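Notes for the one structure printed next.
Structure representation (structure tokens):
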């Protein structure tokens, strides 16, 4: 997956310099076209206030905040399901596993990534965002063997994974002299 994203970026990066950026909206549209999930990228930016009047170096921070928001929503759903009773022990175990993965992401990884992005620390931010993506993937793997309906958590995992991929793609664009 990483190789595919990297190859896609290497093929599309030269086109970036041919694109006219007349305003923030054009910047967002053209940037999102270079990510693995362009429609999701556009949706995330459009739901973020003030993102249309931004410069390229603000884009990863906006996307990292979107990842954090969705991790929080997924963790909230996990905690709601854990608080329901009675839950079967197997489902409870899977949900607790996912909560343990997401709590450090919410408390440490993504806030540190957002802080690093505000200071220009793209490499460290990418590392922290990748941890969030890995937590979502690990949770999803565990849920894939769970019995019962945990669709809302699974949907949250997929959204976090995809938003994280978008954030990482934007960071890579900037690291390659966007």
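In this note's numbering, the protein residues as written are 75 to 252. Every residue gets a Cβ at the ideal spot worked out from N, C-alpha and C, and that includes glycine. Computed from a predicted structure; not experimentally measured.
Euclidean distance between Cα positions of residue i and residue j
i           : j           : result
residue 231 : residue 251 : 31 Å
residue 101 : residue 116 : 11 Å
residue 174 : residue 140 : 21 Å
residue 244 : residue 198 : 14 Å
residue 122 : residue 184 : 17 Å
residue 172 : residue 211 : 10 Å
residue 108 : residue 196 : 18 Å
residue 105 : residue 138 : 15 Å
residue 204 : residue 229 : 18 Å
residue 125 : residue 147 : 21 Å
residue 239 : residue 214 : 16 Å
residue 128 : residue 193 : 16 Å
residue 246 : residue 178 : 24 Å
residue 224 : residue 158 : 13 Å
residue 154 : residue 209 : 19 Å
Nearest-angstrom Cβ-Cβ length linking residue i and residue j, presumed shorter than 8 Å
i           : j           : result
residue 237 : residue 114 : 7 Å
residue 182 : residue 149 : Not quite, the Cβ-Cβ distance comes to about 13 Å (not below 8 Å), so this is no contact.
residue 242 : residue 190 : Contact doesn't hold; Cβ gap of about 13 Å is too wide.
residue 145 : residue 234 : 5 Å
Residue j beta carbon less than 8 Å from that of residue i
i           : j           : result
residue 202 : residue 187 : yes
residue 136 : residue 119 : yes
residue 248 : residue 130 : yes
residue 227 : residue 217 : yes
residue 169 : residue 152 : yes
Test: residue i CB closer than 8 Å to a CB of chain B
i           : result
residue 213 : Considering every chain present, this structure includes no chain B. It has just one protein chain.
Could you tell me which uninterrupted alpha helix (DSSP H) segments, each at least 4 residues in length, are contained entirely in the region 145–194, listed from first to last along the chain? The region 145–194 contains these whole alpha helix (DSSP H) runs: 163–178, 184–192.
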